[in-house]
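Using mature numbering (1 follows the signal peptide of the UniProt record, and there is no 0), the letters of the sequence shown map in sequence onto residues -27 to -1, 1 to 152. Here is the structure we will look at.
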Amino acid sequence: MGSKTRKTWAKKAATIAVLPAAVLGVAGCGEQSVYEAGVDLEDPDAGFIAGDEESDNSLDSGPYDEVYDQNFWDELTIYFGEEVTLSAQVKQPLDPRAFTIAGMDDTTVNPLLVVHDGEVPQLEPGQSLIINGTVHEYLDVEAVEEELGVDLDDTVYEQWEDDPYLLATSVKVDAASAP
C-alpha cells in the first residue's frame, strides 16, 4: 500500500510543479500591455509607456474623437449614451440652440442634429466646428426641454423627432480650419 501512496503523491507533485509554468505561459499570451511590468495599477497613469498615447488630451474626449463621417454614422448605435468629440461642418443653423452637421469636405453622410445646452454663436453653413457632447438614440423634444429647462420651438424640431441627435456641452469654431 505504501507504493500506491507514493505513486499518487508523485503524480500530485508533478502536477503542482507544472501548474505555475502553465499559468505563466497562458498569462503571457494576452494582448500586449501598454503598462510596464511591476507598476501599481491603482494609479491609471503609472507605468504608461511613452508613445502609446491615444490623444493629446487637448479636449475632454469620449470613446470617439474624430471627424463626423460615414463610419461614425454607420456605427452610431454603439455611441448611444456616450460622450464623443466630433469635427464637423455646419450644415444648417436652426435656432440659437441647434444646428445640423455634415461631414467634412462635402461628404454625403446624413446630417445629424446638434442641440446645445446653451446658446451657440452665430453659425454659417460650411463652418468647421469641434463639438463635444452625448449621443442620444432619438429626439424627444419634451424630454430635452425638461432636461435643459427651456421651451424649444416645436416646429423647428418636429422633423428631427425620433431621430438620433447630439446633446452638446461644448461647441467651438475649429481655428485650425479658419482662413
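Just so it is clear, CB atoms sit at the ideal spot from N, CA and C, and this is done for glycine as well.
Residue i, enclosing alpha helix (DSSP H) - first and last residue
i, result
"residue 128", "127 to 130"
"residue 45", "43 to 47"
Helix, strand or coil at residue i [DSSP, three-state]
i, result
"residue 107", "strand"
"residue 50", "helix"
"residue 39", "strand"
"residue 24", "The predicted model places residue 24 with a pLDDT of 37, which falls under 50 and marks its position as unreliable; any figure quoted below should be read in that light. Here residue 24 sits in coil by DSSP."
"residue 82", "coil"
Host beta strand (DSSP E) of residue i (start-end)
i, result
"residue 92", "Note, residue 92: premise wrong, no beta strand (DSSP E); not H, not E."
"residue 66", "56 to 68"
"residue 153", "In the structure displayed, the chain extends from -27 to 152; residue 153 sits before or after that span and is not available."
Cut-off 6 Å between Cβ atoms - residues of its own chain near residue i, not counting five sequence neighbours on either side
i, result
"residue 130", "114"
"residue 141", "87, 89, 104, 106"
"residue 133", "86, 112"
"residue 143", "105"
"residue 135", "111"
Sheet register partners of residue i (DSSP bridge)
i, result
"residue 119", "Note: residue 119 sits in no beta bridge, so no partner."
"residue 98", "Note: residue 98 sits in no beta bridge, so no partner."
"residue 144", "104"
"residue 87", "72, 139"
Contact set for residue i: own chain, Cβ-Cβ below 8 Å, skip 5 residues either direction
i, result
"residue 126", "68"
"residue 109", "53, 54, 137, 138, 139, 140"
"residue 42", "76, 77, 80, 82"
From the options, residue whose alpha carbon lies closest to that of residue i
i, options, result
"residue 102", "60, 95, 81, 118", "60"
"residue 121", "92, 58, 57", "92"
"residue 77", "49, 124, 39", "39"
"residue 171", "49, 62, 50", "Lying outside -27 to 152, the shown extent of the chain, residue 171 is not represented and no answer is given."
"residue 123", "74, 44, 70, 146", "70"
Cut-off 7 Å between Cβ atoms - residues of its own chain near residue i, not counting five sequence neighbours on either side
i, result
"residue 96", "63, 66, 72"
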